[in-house]
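Participant: Okay, here's the structure, questions in a sec.
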Amino acid sequence: MYGHYSYPFSIESGGIKIDVTEENGLYLYRRECCGEVHDNYIQAKNGSIIINPVEPVNLPSSVTSLLQVKFKNLVVEPQSVVLFYLTFPIEIGVFLHAGKNTELIDVFSVNEQKYSLYGSPTKGTIVSYRESDIYRTIPETDIFKDGVLSLTLINSGKDIANVSSSVFDGWGMKLYYNDNCVSMVAEMNLLHNNTAETTFLNVPLIVGMNKSYEIYTSRKISVTKKSFLMELGY
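Residues in the sequence shown are numbered consecutively from 12, following our numbering.
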């Protein structure tokens, strides 16, 4: 389902149906997913539709740009680097490309949105929330439901660290996909006083993956913040 489409067209996969049909001189975009139907009229006759995974912090709108992935406690030895894999919830974006412009027309997910509070009740912040197992090899996933997050954990200090969550900012997310996997690649640097910094790398998990068109790019927002400082523990 992910990819670029000239319309009219109709596709169905993973319980999701998307079609664009001609109607009274316009084009009707319709998406059916999880019992919900979303319609848009499209005026552009020579456009195309882009469907790809997007930053998993867009639903519902304007709640938070942060994603917390919680996992079983991992004891990390001093001055070490460990690579492992987590999962994250998929959100799917649909874009209209016409001329030189690309505009988001729909975003949806087969997942139920979950939220939590990162930090204390008085100083915490709302985050989109996911619990994940820890994998040492790339896990098999449903590409419409779960993505794979490759995380390199760096402990440059002289003390043992206990890590059970990572928090990421949607502004820096870089998603890639192929027919079998949706992925992001990130690093988490452990700092002093139980703080850490997470950063996304603009590289595919697997050679040959396609890069997703990002929602922030479509909105022509200049992204300067590439990392997130976890000041409230990990």
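Note that the Cβ used here is the ideal one computed from N, Cα and C, for glycine as well.
#1: Using CA atoms only, rank isn't needed, just tell me which of Thr163, Ile137 and Ser223 is closest to Ser76.
#2: Are the stretch 157-170 and the stretch 89-109 touching by the rule of at least three beta carbon pairs closer than 8 Å?
#3: Determine the extent of the beta strand (DSSP E) in which Asn112 is found, giving its start and end residues.
#4: Taking only the alpha-carbon atoms, compute the straight-line gap between Ile27 and Ile62 and give it to the nearest angstrom.
#5: Is Val48 near Tyr38, with beta carbons less than 8 Å apart?
#6: Note down the Cα distance separating Ala55 from Glu34, rounded to an integer number of angstroms.
#7: What's the C-alpha gap between Ser176 and Tyr188?
#8: Below 6 Å CB to CB, which residues in the same chain sit around Leu240 once its five sequence neighbours on both sides are set aside?
#9: With DSSP as the reference, identify every bridge partner of Arg42, one or two as the case may be.
#10: Just how far apart, CA to CA, sit Asn1 and Ile154?
#11: What residues in its chain sit with their C-beta under 6 Å from that of Glu142, if we drop five residues either side in the sequence?
#12: Tell me, please, which residues DSSP counts as bridged to Lys185.
#13: Please state whether DSSP places Tyr227 in a helix, a strand or coil.
#14: Would the beta-carbon of Glu104 fall within 8 Å of that of Ile29?
#15: On the three-state DSSP scale, how would you describe His108?
#16: Does the ligand ADP have a heavy atom nearer than 7 Å to the CB of His49?
#17: Since Asn173 and Asn84 should fall inside the 8 Å C-beta cutoff, what is the C-beta to C-beta distance between them, to a whole number of angstroms?
#18: Whole-angstrom Cβ separation of Ile145 and Phe95, contact assumed at under 8 Å?
#19: Just to check my reading of the structure: Thr133 and Thr98 have Cβ atoms closer than 8 Å, yes? What is that Cβ distance to the nearest angstrom?
#20: Does the separation of the CB atoms of Tyr224 and Phe106 fall below 8 Å?
#21: Less than 7 Å between C-beta atoms, sequence neighbours within five positions excluded: which residues of the same chain meet that for Phe20?
#22: Taking the CB atoms as reference points, tell me whether Arg262 and Asp117 lie closer together than 8 Å.
#23: For His15, report the span of its beta strand (DSSP E) as first-last.
Facilitator: Here's the rundown:
#1: Ile137
#2: yes
#3: Asn112 to Phe119
#4: Approximately 12 Å between the Cα atoms of the pair.
#5: no
#6: 13 Å
#7: 24 Å
#8: Glu208
#9: Ile29 and His49
#10: Lying before the first or after the last residue shown, residue 1 is absent from the chain, which here runs from 12 to 245.
#11: The answer, listed in chain order, is Lys81.
#12: Paired residue(s): none; Lys185 is not in a bridge.
#13: Helix at Tyr227.
#14: Correcting the residue identity first, residue 104 is Gly in this sequence and not Glu. It is not a contact, given that the beta carbons lie outside the stated cut-off.
#15: strand
#16: Judged by which ligands are present, the structure shown has none, so any question about the ligand ADP falls away.
#17: 6 Å
#18: 5 Å
#19: Contact doesn't hold; Cβ gap of about 31 Å is too wide.
#20: yes
#21: Within the same chain, Phe20 has close Cβ partners Asp30 and Val31.
#22: For the chain, the structure presents residues 12 to 245; residue 262 sits outside this window and is missing.
#23: Gly14 to Ser17
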